[in-house]
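Undergrad: One structure coming up, written as structure tokens, with questions to follow.
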Amino acid sequence: MSPPPPTPRRPIVIAAGGTGGHFIPAEALARALAGRGHPIALMTDRRAGTRDHGIFAQGRQFVLPGAGIAGHGLARAARAALALAQGTLQARAILRRLDAAAVVGFGGYPSVPPLLGARLLGRYRPLIVLHEGNAVLGQANAQLARFADGIATSFPQVARLPKDARTTLTGMPVRDAIAALHDQPYTPPEAEIRLLVWGGSLGARVFSDVVPDAIARLPDALRARLRITQQARAEDIERVRAAYAALGIPAEISPFFADVPALLKAAHLVIGRAGGSSVAELTDSGRPAILVPLPIAASDEQGANAASLVAAGAAWMIRQPDFTAQTLATQLDSLLSAPTILTDAAAAARSLGRPDAARRLADLVEGLLHHRPDPAYPTAAHPAAHPAATPTAAKTETTS
Numbered sequence: 001m002s003p004p005p006p007t008p009r010r011p012i013v014i015a016a017g018g019t020g021g022h023f024i025p026a027e028a029l030a031r032a033l034a035g036r037g038h039p040i041a042l043m044t045d046r047r048a049g050t051r052d053h054g055i056f057a058q059g060r061q062f063v064l065p066g067a068g069i070a071g072h073g074l075a076r077a078a079r080a081a082l083a084l085a086q087g088t089l090q091a092r093a094i095l096r097r098l099d100a101a102a103v104v105g106f107g108g109y110p111s112v113p114p115l116l117g118a119r120l121l122g123r124y125r126p127l128i129v130l131h132e133g134n135a136v137l138g139q140a141n142a143q144l145a146r147f148a149d150g151i152a153t154s155f156p157q158v159a160r161l162p163k164d165a166r167t168t169l170t171g172m173p174v175r176d177a178i179a180a181l182h183d184q185p186y187t188p189p190e191a192e193i194r195l196l197v198w199g200g201s202l203g204a205r206v207f208s209d210v211v212p213d214a215i216a217r218l219p220d221a222l223r224a225r226l227r228i229t230q231q232a233r234a235e236d237i238e239r240v241r242a243a244y245a246a247l248g249i250p251a252e253i254s255p256f257f258a259d260v261p262a263l264l265k266a267a268h269l270v271i272g273r274a275g276g277s278s279v280a281e282l283t284d285s286g287r288p289a290i291l292v293p294l295p296i297a298a299s300d301e302q303g304a305n306a307a308s309l310v311a312a313g314a315a316w317m318i319r320q321p322d323f324t325a326q327t328l329a330t331q332l333d334s335l336l337s338a339p340t341i342l343t344d345a346a347a348a349a350r351s352l353g354r355p356d357a358a359r360r361l362a363d364l365v366e367g368l369l370h371h372r373p374d375p376a377y378p379t380a381a382h383p384a385a386h387p388a389a390t391p392t393a394a395k396t397e398t399t400s
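Going by UniProt numbering, the sequence shown opens with residue 1, and the numbers climb by one from there.
Okay, here's the thing in structure tokens:
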């Protein structure tokens with residue numbers, strides 16, 4: 001008699017939305033889990049929409065209400081509360097129908113309805129795992145942390161964690177091409193100095209205002225060696241380009257750069273924000289940086305992220321109120337005139353990198369699943385099998 005077929009694995013649901021800072025690590029985990037044979041589904045919000053390429057396009061996608069409500073005041077609050085309730089109930093129904101094994105949330109309010117929906121399934125709920133990308137627990141994750149089975153962190157120390165939180169340091173998953181830079185040595189500047197300026201997903205006007213003026217204040221001999229690549233908002237491109245042209249500095253200015261790994265590989269020094277994904281890209285690639293934390297971040301998480309790198313000798317931080325042309329020029333002059341400082345900072349940054357973060361996070365999810373009674377994870381006994389979800393072709397389901 002032939003042995004019975006193996007129990008099909010139940011799907012793992014990824015809850016992510018909003019900016020690339022949430023989606024990039026979510027996609028990296030999805031690829032890692034799919035490579036190990038796990039069916040994957042995505043729950044996201046209407047603002048982010050569905051993916052038409054990549055790993056999520058190969059599986060089921062569900063668009064839920066619950067985030068991105070326009071307006072202000074009481075009316076907005078009422079609509080947001082209603083959307084959250086609707087999204088949570090719809091997520092619960094979908095998770096029950098899928099018989100999901102786990103829900104992994106990547107922070108941001110789009111992750112709240114799926115994780116609350118999982119919680120409402122009670123005794124037979126799926127595993128709940130959170131990933132925190134910053135050195136301060138985000139507002140959405142703070143609401144969900146108390147009932148999470150595990151919390152993956154990107155920094156060794158994370159503020160606002162519950163005292164009894166079950167945490168594992170995994171790092172922040174990044175794109176494979178950036179993780180691959182971890183093994184490539186940093187080459188200090190010689191004749192040319194390549195400066196990379198980026199400002200997050202949409203660029204930052206403060207860099208367009210300050211950096212060209214700071215460059216103009218550098219000694220002529222140092223300025224003549226510069227080659228600049230700078231992200232700028234569309235409305236700022238011409239004035240930034242003209243400022244560098246007037247100084248005789250070769251510069252590439254754009255609101256978006258597709259090949260970020262190549263830019264990081266070439267850069268001797270980076271000036272940028274300190275979001276969780278940006279910091280992970282710097283440490284995985286081993287690049288020194290001057291960090292200007294976003295001043296409106298709710299819990300100053302970017303300040304905490306930057307402080308972690310500064311403490312390790314991997315970066316320098318300038319708070320935005322202090323980010324003037326003269327302050328930046330003084331900092332650049334001291335750093336670019338002493339290449340050994342940059343080399344030491346690059347080594348410190350690389351020591352903080354975790355290019356295998358996607359594997360670590362996938363290991364955490366599987367490890368938690370293996371400690372739950374489920375026949376698809378044979379390290380634990382289970383008295384009765386759950387009906388398994390059958391993998392399907394790519395499908396998008398928009399709830400209303």
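Each residue gets a CB set at the ideal place from its N, CA and C atoms; glycine is no exception. Just so it is clear, the structure is predicted and the values come from calculations on it, not from any experiment.
Rounding to the nearest angstrom, what Cα-Cα distance links Arg-205 and Arg-36 in this structure?
TA: Looking up residue 205 in the sequence shown gives position 205. Looking up residue 36 in the sequence shown gives position 36. Cα-Cα distance, rounded: 43 Å.
Undergrad: Can you tell me whether DSSP reads Gly-117 as helix, strand or coil?
TA: As a working mapping, residue 117 is identified with position 117 in the sequence shown. The answer is helix: DSSP assigns Gly-117 an H, G or I state.
Undergrad: Around the Cβ of Thr-379, are there at least 16 other Cβ atoms within 10 angstroms (buried) or fewer (exposed)?
TA: Working through the sequence shown from its first residue, we reach residue 379 at position 379. Since pLDDT at Thr-379 reaches only 33, below the 50 mark, its modelled position is unreliable, and the value read off the structure follows with that caveat. It is exposed - the Cβ of Thr-379 has fewer than 16 other Cβ atoms within 10 Å.
Undergrad: Which residue marks the beginning of the alpha helix (DSSP H) containing Asp-220, and which one marks its end?
TA: Against the sequence shown, residue 220 aligns to sequence position 220. Counting along the chain, the alpha helix (DSSP H) containing Asp-220 begins and ends at 220-223.
Undergrad: Answer yes or no: do Val-270 and Ala-289 have a C-beta to C-beta separation smaller than 9 Å?
TA: Reading the sequence shown from its first residue, position 270 is the one you call residue 270. Reading the sequence shown from its first residue, position 289 is the one you call residue 289. Taking 9 Å as the Cβ cut-off, Val-270 and Ala-289 qualify as a contacting pair.
Undergrad: Write down the C-beta distance between Val-210 and Thr-330 rounded to the nearest angstrom, noting that I regard them as a contact closer than 8 Å.
TA: Sequence index remark: in the sequence shown, residue 210 carries index 210 (1-based). Sequence index remark: in the sequence shown, residue 330 carries index 330 (1-based). Incorrect: roughly 13 Å between the Cβ atoms, too far for contact.
Undergrad: In or out: Ala-75 buried (at least 16 other Cβ within 10 Å) or exposed?
TA: In the sequence shown, counting from the first residue as 1, residue 75 sits at position 75. The residue in question, Ala-75, is exposed, as its Cβ has fewer than 16 Cβ neighbours within 10 Å.
Undergrad: When you compare only the Cα positions, how much space is there between Gln-320 and Asn-305?
TA: Taking the first residue of the sequence shown as position 1, residue 320 is located at position 320. Taking the first residue of the sequence shown as position 1, residue 305 is located at position 305. If I take the Cα positions, the gap works out to 15 Å.
Undergrad: For Gly-105, which residues from the same chain have a beta carbon less than 6 Å from its beta carbon, with the 5 sequence-adjacent residues on both sides left out?
TA: For the purposes of this step, residue 105 is identified with residue 105 of the sequence shown, where counting begins at 1. Taken in chain order, the residues that qualify are Ala-15, Ser-111, Leu-115, Leu-130.
Undergrad: Look at Ala-314 and Leu-282 and say whether their C-beta atoms are less than 9 Å apart.
TA: As a position in the sequence shown, residue 314 is number 314, starting the count at 1. As a position in the sequence shown, residue 282 is number 282, starting the count at 1. Taking 9 Å as the Cβ cut-off, Ala-314 and Leu-282 qualify as a contacting pair.
Undergrad: Reducing DSSP to helix, strand and coil, say where Gln-143 ends up.
TA: For the purposes of this step, residue 143 is taken as the residue at position 143 of the sequence shown. Gln-143: helix per DSSP, three-state reduction.
Undergrad: CB-CB under 7 Å to Leu-137, same chain, minus the five flanking residues each way: which ones, in chain order?
TA: Within the sequence shown, residue 137 is the residue found at index 137, counting from 1. Here the set comprises Ala-145, Val-158, Ala-159, Arg-160, Leu-161.
Undergrad: Within 8 Å, do at least three Cβ pairs link the segment 117-125 to the segment 285-301?
TA: No, the segment 285-301 does not touch the segment 117-125.
Undergrad: With DSSP as the reference, please indicate the residues paired to Val-270 in a beta bridge.
TA: Numbered from its first residue, the sequence shown carries residue 270 at position 270. Beta-bridge pairing links Val-270 to Leu-196, Ala-289.
Undergrad: Are the Cβ atoms of Glu-252 and Ile-228 separated by less than 9 Å?
TA: By 1-based counting over the sequence shown, the position of residue 252 is 252. By 1-based counting over the sequence shown, the position of residue 228 is 228. Yes; because the gap between Cβ atoms is below 9 Å, this pair is in contact.
Undergrad: Given this structure, state the Cα-to-Cα distance separating Gly-17 from Thr-44, to the nearest angstrom.
TA: By one-based count along the sequence shown, residue 17 stands at place 17. By one-based count along the sequence shown, residue 44 stands at place 44. Cα to Cα, Gly-17 sits roughly 5 Å from Thr-44.
Undergrad: Between which two residues does the alpha helix (DSSP H) containing Gln-61 stretch?
TA: Your numbering for residue 61 matches position 61 in the sequence shown. Premise fails: Gln-61 lies in the beta strand (DSSP E), 60-64, not in any alpha helix (DSSP H).
Undergrad: Reducing DSSP to helix, strand and coil, say where Leu-368 ends up.
TA: On the sequence shown, residue 368 is found 368 positions in, with the first residue counted as 1. DSSP places Leu-368 in helix when its eight states are reduced to three.
Undergrad: Reducing DSSP to helix, strand and coil, say where Thr-340 ends up.
TA: For this step, residue 340 is matched to residue 340 along the sequence shown. Thr-340: helix per DSSP, three-state reduction.
Undergrad: Identify which residue in Ala-242, Ala-232, Ala-246, Arg-239 has its Cα closest to the Cα of Ala-224.
TA: Within the sequence shown, the letter at position 224 stands for residue 224. Selected option, being the one with the closest Cα: Ala-246.
Undergrad: Report all residues from its chain with a CB closer than 6 Å to the CB of Asp-284; omit the five preceding and five following residues, and keep chain order.
TA: By one-based count along the sequence shown, residue 284 stands at place 284. Once the five neighbours on either side are set aside, the close Cβ partners of Asp-284 are Val-174, Ile-178, Ala-179, His-182, Gly-353, Pro-355.
Undergrad: Does DSSP put Val-210 in a helix, a strand or coil?
TA: Locating residue 210 in the sequence shown gives position 210, counting from the first residue. Val-210 falls in the helix class under three-state DSSP.
Undergrad: Pull up the distance between the alpha-carbon of Val-279 and that of Glu-132, whole angstroms please.
TA: As a working mapping, residue 279 is identified with position 279 in the sequence shown. As a working mapping, residue 132 is identified with position 132 in the sequence shown. Going by the C-alpha atoms only, they are around 13 Å apart.
Undergrad: Kindly list the residues whose CB is nearer than 7 Å to the CB of Gly-276, restricted to its own chain and excluding five residues on each side of it in sequence; keep chain order.
TA: Translated into the one-based positions of the sequence shown, residue 276 becomes position 276. Excluding sequence neighbours, Gly-276 sits near Gly-21, Gly-133, Asn-134, Ser-154, Met-172, Asn-305.
Undergrad: Tell me whether Leu-264 sits in a helix, a strand or coil according to DSSP, three-state version.
TA: What you label residue 264 is simply residue 264 of the sequence shown in a count that begins at 1. Of the three classes helix, strand and coil, the one that applies to Leu-264 here is helix, per DSSP.
Undergrad: Roughly how many angstroms separate the alpha carbons of Ala-78 and Gly-66, rounded to a whole number?
TA: If you number the sequence shown from 1, residue 78 lands on position 78. If you number the sequence shown from 1, residue 66 lands on position 66. For Ala-78 and Gly-66, the distance between alpha carbons rounds to 11 Å.
Undergrad: State the beta-bridge partners of Ser-254 as determined by DSSP.
TA: Numbered from 1 along the sequence shown, position 254 holds the residue referred to as residue 254. DSSP lists Gln-231 as partners of Ser-254.
Undergrad: Find the nearest neighbour of Leu-369 within the set Phe-56, Asp-149, Gly-117, judged by alpha-carbon distance.
TA: Within the sequence shown, residue 369 is the residue found at index 369, counting from 1. When only C-alpha atoms are compared, the closest one is Asp-149.
Undergrad: Taking Leu-294 as the reference, which of Pro-250, Gly-199, Ala-311 has the closest Cα?
TA: Within the sequence shown, the letter at position 294 stands for residue 294. Checking every option, the nearest Cα to that of Leu-294 belongs to Gly-199.
Undergrad: How would you label Leu-195, buried or exposed, when you count the other beta carbons within 10 angstroms and need 16 or more for buried?
TA: For the purposes of this step, residue 195 is taken as residue 195 along the sequence shown, with counting starting at 1. So Leu-195 ends up on the buried side.
Undergrad: If we ignore side chains and look at the alpha-carbon of each, how far apart do Leu-309 and Gly-107 end up?
TA: As a position in the sequence shown, residue 309 is number 309, starting the count at 1. As a position in the sequence shown, residue 107 is number 107, starting the count at 1. Between Leu-309 and Gly-107, the C-alpha separation is close to 22 Å.
Undergrad: Please list, in chain order, all residues of the same chain as Ala-28 whose beta carbon is under 6 Å from its beta carbon, the five residues on each side excluded.
TA: To locate residue 28, count along the sequence shown from 1; it is residue 28. Counting only Cβ-Cβ distances below 6 Å, and skipping sequence neighbours, we find Pro-173, Ala-358.
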